[in-house]
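Protein chains: 2
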Amino acid sequence: MAKIGFIGLGNMGLPMALNLQKAGHDVTGHDIFPAAVEAATSAGLRVDAAGAVHDADIIITMLPNGKLVLDAYQIILAKAKPGTLLIDSSTIDVASARTAHEQAAAAAMLSADAPVSGGVGGAAAGTLTFMVGGTNDVFAQAQPVLAAMGKKIVHCGGAGAGQAAKICNNMILGISMVAVGEAFVLAEKLGLSHQALYDVASTSSGQCWSLTSYCPVPGPVPASPANNDYKPGFAAALMLKDLKLSQEAASAAGASTALGSHATEIFQEFVSEGHGGTDFSGIINKIREKTA
Amino acid sequence: MAKIGFIGLGNMGLPMALNLQKAGHDVTGHDIFPAAVEAATSAGLRVDAAGAVHDADIIITMLPNGKLVLDAYQIILAKAKPGTLLIDSSTIDVASARTAHEQAAAAAMLSADAPVSGGVGGAAAGTLTFMVGGTNDVFAQAQPVLAAMGKKIVHCGGAGAGQAAKICNNMILGISMVAVGEAFVLAEKLGLSHQALYDVASTSSGQCWSLTSYCPVPGPVPASPANNDYKPGFAAALMLKDLKLSQEAASAAGASTALGSHATEIFQEFVSEGHGGTDFSGIINKIREKTA
């Protein structure tokens with residue numbers, strides 16, 4: 004069992020840290036927000052800013068963006084023991100993830116980028132998917148630790164490959180949810196029932212996760228957020244964050260992603276109108292609104 | 004066993020007619036192209052323009068577009084026996100499909116729109132999916148006949164519902180193939196391997212039929228057309244046809260389908276450049292070409 008520092012005890016980070024503790028690891032947390040510290044303490048997690056860094060064998064970061072990760076790394080790289088394994092589970096831009104790897108290597112630390120999918124529910128249940136970028140040796144060290152927080156741990160390649168896999172996957176997700184929303188709205192206009200379209204598409208070439216797991220109309224998939232007034236689920240603001248990361252990466256790398264860019268605009272408009280907290284499948288309401 | 008007239012003995016129609024004959028039906032075919040007539044006769048099908056209409060209990064049409072279906076119906080409605088069941092398995096626009104139903108009803112015929120998915124392979128193997136629009140009574144009569152040509156027969160609703168289901172499904176298909184292509188091209192630019200993206204996306208929220216059945220890069224799905232120089236499979240020209248039908252219907256009905264429209268433009272450009280005979284997954288090459 005390892006001494007683990009966990010930095011970023013938010014909606015995702017706290018349940019992840021508690022699962023590590025439950026698995027027998029010696030976990031010390033840290034967060035800059037007093038409310039997060041209080042919640043962690045109440046849940047039985049030791050919180051100590053210095054201890055989370057100085058004494059750790061492994062330091063996990065779970066922060067909102069690349070700038071905050073690089074800011075945290077300034078302190079971590081100065082204060083942690085050489086040879087410490089740094090795992091960044093934040094979803095951040097590929098460029099910052101690569102910079103974090105380079106800075107870690109320069110400071111004689113080991114590093115992995117390991118963003119997750121599975122949301123708050125997966126974090127609490129310990130069923131997250133981790134997409135990991137880093138060397139084979141680092142992956143071998145990180146794998147058993149990540150397994151205490153997730154069900155599926157995929158080694159995607161070298162530095163940044165975890166972030167790359169996540170944004171490529173989530174770009175498909177964002178586009179396909181808009182596609183499914185447009186198809187249901189067109190079906191409505193053509194007098195085709197939701198259930199009939201679902202029965203055809205879910206078992207043929209239109210099948211996709213957005214349809215069969217997060218169906219944006221109530222009925223066909225009883226557990227989908229559409230049946231619960233579009234409460235997330237996966238908030239539209241997070242979908243937009245990931246789409247924007249995909250477009251930043253595409254733009255920096257010179258990749259043409261016309262539909263990725265278009266879907267980003269569609270979610271941007273939805274979020275700008277105050278629907279960031281709505282499940283991303285609620286985009287169907289935006290599509291319906293544009294329909295004559 | 005029924006007397007069946009089969010009009011349109013092309014790449015799809017001929018194997019479908021032969022499967023009906025194999026099931027014991029008394030089938031008479033017709034096609035305006037001498038080459039199609041010759042192929043049908045060689046395959047052992049009786050071909051007789053008058054007989055396919057006058058004596059039939061059921062007349063099936065399998066034609067390239069709505070205008071040709073309505074032209075054929077002019078003759079069929081004048082010459083067939085009252086009470087004949089007319090099944091149009093062509094993929095055509097929803098408006099023409101509804102007109103065909105109305106004209107059939109006015110001539111005291113029964114009618115169903117029943118477009119298929121599954122392609123030439125499914126037509127030969129008798130494993131097509133039929134999406135059927137029509138009354139419950141008509142569906143009950145058509146079902147056993149269609150079952151001789153297909154594996155899955157879905158009653159989608161009233162007049163035109165089969166065509167509506169097909170174009171809504173195929174609009175999702177066209178958009179999601181572009182999405183998957185963009186994701187692989189972005190992955191290439193980010194140094195993420197095809198296999199790594201496939202492993203993540205095929206088992207998480209980016210999963211879709213375009214990825215897991217028609218994967219547009221060679222390797223992850225050995226049977227996909229990408230492994231066979233993008234030989235169809237499902238030709239880009241047919242994907243474009245279905246996307247255009249979806250956009251005609253959306254425009255007529257006033258439905259907003261922004262990504263459907265954008266995907267149509269992307270496939271239009273690909274087909275205009277001479278790639279209509281390429282599998283639709285070849286769109287990834289167009290995306291790659293636009294990438295710097």
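Protein chains in written order, with this note's numbering: chain A, 4 to 295; chain B, 4 to 295.
Each residue gets a CB set at the ideal place from its N, CA and C atoms; glycine is no exception.
Query                                                                                                                                                                             : Result
Hey, would you say ALA229 (chain B) sits closer than 8 Å to PRO235 (chain B), going by beta carbons?                                                                              : no
Which of the three DSSP states, helix, strand or coil, is assigned to ALA109 (chain B)?                                                                                           : helix
Contact check, LEU243 (chain A) vs GLN210 (chain A) under 8 Å by CB: the rounded distance?                                                                                        : 25 Å between Cβ atoms; not a contact.
How close, in whole Å, do the beta carbons of MET65 (chain B) and MET134 (chain B) come, if the pair is a contact with beta carbons under 8 Å?                                    : Not a contact, Cβ separation roughly 14 Å.
So which residues on chain B does MET174 (chain A) lean against when the C-beta distance must stay under 9 Å?                                                                     : ALA182, GLU185, ALA186, LEU189, GLY209
Looking at C-beta atoms only, is the number of pairs between the stretch 121–131 of chain A and the stretch 93–108 of chain A that lie closer than 8 Å three or more?             : no
Comparing C-alpha positions only, which one of B:ALA240, B:LEU246, B:ALA199, B:SER208 sits nearest to VAL224 (chain B)?                                                           : B:ALA199
Are the beta-carbon atoms belonging to GLY153 (chain B) and GLY137 (chain B) less than 8 Å from one another?                                                                      : no
Would you report the Cα separation of GLY121 (chain A) and GLY177 (chain A), rounded to the nearest angstrom?                                                                     : 15 Å
To which residues does DSSP link VAL135 (chain B) through a beta bridge?                                                                                                          : B:HIS158
Does the CB of GLY257 (chain B) have a neighbour CB from chain A at under 8 Å?                                                                                                    : yes
CB-CB under 6 Å to GLY8 (chain B), same chain, minus the five flanking residues each way: which ones, in chain order?                                                             : THR31, ALA55, VAL56, ALA59, ILE62
Which runs of the alpha helix (DSSP H) at least 4 residues long sit entirely within the stretch 9–44 of chain B? Give them in chain order.                                        : 16–25
Pairs of beta-carbons, one from the stretch 180–188 of chain B and one from the stretch 276–290 of chain B, closer than 8 Å: are there three or more?                             : yes
Expressed to the nearest angstrom, what Euclidean distance is found between the alpha-carbon atoms of GLU191 (chain B) and ASN139 (chain A)?                                      : 20 Å
Please classify ASP116 (chain B): does DSSP put it in a helix, a strand, or coil?                                                                                                 : strand
Distance cutoff 8 Å, beta carbons only. Does GLY69 (chain A) sit that close to anything in chain B?                                                                               : no
Helix, strand or coil: how does DSSP classify GLY194 (chain B) here?                                                                                                              : coil
Could you have a look at LEU73 (chain B) and say whether DSSP puts it in helix, strand or coil?                                                                                   : helix
For the structure I just gave you, are there three or more beta carbon pairs, one from the stretch 254–266 of chain A and one from the stretch 30–50 of chain B, closer than 8 Å? : no
Measuring only between beta-carbons, confirm whether ILE290 (chain A) sits less than 8 Å from chain B.                                                                            : yes
Can the beta-carbon of ALA5 (chain A) be found closer than 8 Å to that of LEU12 (chain A)?                                                                                        : no
Alpha carbon to alpha carbon, how far is GLN77 (chain B) from ALA111 (chain B)? Give it in angstroms, no decimals.                                                                : 14 Å
Could you tell me which chain A residues have their CB closer than 7 Å to the CB of LYS293 (chain B), listed as they occur along the chain?                                       : SER259
Can you tell me whether DSSP reads LEU89 (chain B) as helix, strand or coil?                                                                                                      : strand
Output, in chain order, the set of chain B residues within a Cβ distance shorter than 8 Å of LEU243 (chain A).                                                                    : Per Cβ cutoff of 8 Å: no residues; LEU243 (chain A) is ~15 Å from chain B at best.
Reducing DSSP to helix, strand and coil, say where THR294 (chain A) ends up.                                                                                                      : coil
Can you grab the Cα-Cα spacing for the pair LEU17 (chain A) / ALA43 (chain A), in whole Å?                                                                                        : 6 Å
Apply the 10 Å Cβ neighbour rule to ASP245 (chain B) and answer buried if 16 or more other Cβ atoms are within range, or exposed otherwise.                                       : buried
CB-CB under 6 Å to THR294 (chain B), same chain, minus the five flanking residues each way: which ones, in chain order?                                                           : VAL188
What are the boundary residues of the alpha helix (DSSP H) that includes THR215 (chain B)?                                                                                        : 212–215
For ILE178 (chain A), which of helix, strand or coil comes out of DSSP?                                                                                                           : helix
Per DSSP, ARG49 (chain A) is paired with what?                                                                                                                                    : A:THR31
Can you tell me which residues form a DSSP beta bridge with THR2 (chain A)?                                                                                                       : Not covered by the structure: residue 2 (chain A). The range shown for chain A is 4 to 295.
At a Cβ cut of 8 Å, what residues of the stretch 260–272 of chain B count as close to chain A, listed as they run along the chain?                                                : THR260, ALA261, LEU262, GLY263, HIS265, ALA266, ILE269
Where in the stretch 225–274 of chain A do unbroken runs of the alpha helix (DSSP H), each at least 4 residues long, occur, reported from the N-terminal end onward?              : 239–256, 261–273
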